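Data first, discussion second: the structure below is written as structure tokens.
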Amino acid sequence: MEEAGKISRYLYTVIVLFLIWLFLTASTDPQELVMGVIFSLLIAAFAYPIFTTRGLANLHPKRVAYAIAYIPYFLWAMIMANLDVAYRVLHPKRPIRPGIVHCKTVLKTNPGKLALANSITLTPGTITLDVDDDNYFIHWIWVPDEVLRAESDEEHVERASSNITAPFEKFLKVIFG
Amino acid sequence: MNVLAAIGEILVFIGTFFYFLSALGLIRMPDVYNRMQTSTKSATLGSLGVMIGVGLWALGSDFGSVAWLTKTVVIATFLLLTNPISAHALIRAAYKRGIPLWHGSVVDKYHEYIESKAEKAESVEGEGDAE
Chain A
1 MEEAGKISRY LYTVIVLFLI WLFLTASTDP QELVMGVIFS LLIAAFAYPI
51 FTTRGLANLH PKRVAYAIAY IPYFLWAMIM ANLDVAYRVL HPKRPIRPGI
101 VHCKTVLKTN PGKLALANSI TLTPGTITLD VDDDNYFIHW IWVPDEVLRA
151 ESDEEHVERA SSNITAPFEK FLKVIFG
Chain H
178 MNVLAAIGEI LVFIGTFFYF LSALGLIRMP DVYNRMQTST KSATLGSLGV
228 MIGVGLWALG SDFGSVAWLT KTVVIATFLL LTNPISAHAL IRAAYKRGIP
278 LWHGSVVDKY HEYIESKAEK AESVEGEGDA E
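Residue numbers (our numbering), protein chains in the order written: chain A, 1 to 177; chain H, 178 to 308.
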């Protein structure tokens, strides 16, 4: 992945910090805004090397649009996950069949992998145990038959990935590249 | 009492219900991995519901202002981004420490992967010695 210039990364950090300041103060009083800009500029000077590697390219309209579309999609998956967990906890027989499965991802960047791992943890029945390059090890609360009966390792990986990582990848591929 | 306050109250109620489920999951699940599953998911959505609910509730009351909602949104986003990471760190530490899976577990690909990796490293080392 190519790295953006220092100025672009710095400006991106300032914008994100200032947005957080706006939300936290929730006022458009000029005094507050000036103070926010000053602090954003100051903190960004220290923090930009560790904050982003791609700078203003993160604000590409297509990426922002996909990110906004991803929010309701993700929240819906999360609510379904919780109903699923509620069913498993409240059911008298406690229907769980846990196991650790192996998935692969097509994402290349580190922020993308982090977002995918977080999304996996918060959605139905899965929690990320370890990430190694493009290998994901996922603790699944109910391993379905089709994954369990896979004969070879490749088949197992393919079926597990299409179940767990694929639904998010189509969004995250665009957002994080 | 208006619509916003009513929505907020309902959200807080739902969030509390998920908190309850999270605690119940801790009691009912058999091993640390399954407990992580239930507690992380339910506690995150429960907190989200309670926080956003409080923001909306305050917006609908006499004393409230927009500042309530924006602050709760920031806190909720922060929690949503950090909670899964802490869960991941905890479950990974548990696995590395050697805490066994529940006897009812069906597959453990991670164990196979670590073993095959260790074997590979060993064989590479062995070749180096032979040369």
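Beta carbons are placed, not taken as given, at the ideal position from N, Cα and C, and that holds for glycine. Because the structure is a prediction, the values reported are computed rather than measured.
Local Cβ density within 10 Å of residue i, reported as buried at 16 or more and exposed below that
{"i": "S125 of chain H", "result": "Lying outside 178 to 308, the shown extent of chain H, residue 125 of chain H is not represented and no answer is given."}
{"i": "P49 of chain A", "result": "exposed"}
{"i": "W245 of chain H", "result": "buried"}
{"i": "K273 of chain H", "result": "exposed"}
{"i": "T105 of chain A", "result": "buried"}
{"i": "V180 of chain H", "result": "exposed"}
{"i": "M206 of chain H", "result": "buried"}
Neighbourhood of residue i by C-beta, 8 Å cutoff - its chain only, sequence neighbours within 5 removed
{"i": "D84 of chain A", "result": "P124 and G125"}
{"i": "A117 of chain A", "result": "T128, V131 and Y136"}
{"i": "G5 of chain A", "result": "G55"}
Three-state secondary structure assigned by DSSP to residue i
{"i": "V227 of chain H", "result": "helix"}
{"i": "T165 of chain A", "result": "coil"}
{"i": "T126 of chain A", "result": "strand"}
{"i": "G202 of chain H", "result": "helix"}
{"i": "G5 of chain A", "result": "coil"}
{"i": "K173 of chain A", "result": "helix"}
{"i": "N179 of chain H", "result": "coil"}
{"i": "G36 of chain A", "result": "helix"}
{"i": "F18 of chain A", "result": "helix"}
{"i": "V243 of chain H", "result": "helix"}
Test: residue i CB closer than 7 Å to a CB of chain A
{"i": "V189 of chain H", "result": "no"}
{"i": "D285 of chain H", "result": "yes"}
{"i": "S219 of chain H", "result": "yes"}
{"i": "N211 of chain H", "result": "yes"}
{"i": "P261 of chain H", "result": "yes"}
Neighbourhood of residue i by C-beta distance below 7 Å, restricted to the same chain and skipping five residues each side
{"i": "H102 of chain A", "result": "N135, F137, H156, V157 and A160"}
{"i": "T13 of chain A", "result": "A44, A47, Y48, F51 and T52"}
{"i": "E146 of chain A", "result": "R159"}
Residue-chain proximity (residue i, chain H), Cβ-Cβ < 7 Å
{"i": "N118 of chain A", "result": "yes"}
{"i": "T23 of chain A", "result": "Contrary to the premise, residue 23 of chain A reads as Phe rather than Thr in this sequence. For F23 of chain A, the answer is yes, since a Cβ of chain H falls inside 7 Å of its Cβ."}
{"i": "A81 of chain A", "result": "yes"}
{"i": "H91 of chain A", "result": "no"}
{"i": "V101 of chain A", "result": "yes"}
{"i": "M78 of chain A", "result": "yes"}
Beta-bridge pairing of residue i - partner residues as DSSP gives them
{"i": "D132 of chain A", "result": "A:N135"}
{"i": "I100 of chain A", "result": "A:H139 and H:D285"}
Beta-carbon proximity list for residue i, same chain, < 6 Å, skipping 5 on both sides
{"i": "G112 of chain A", "result": "L172 and F176"}
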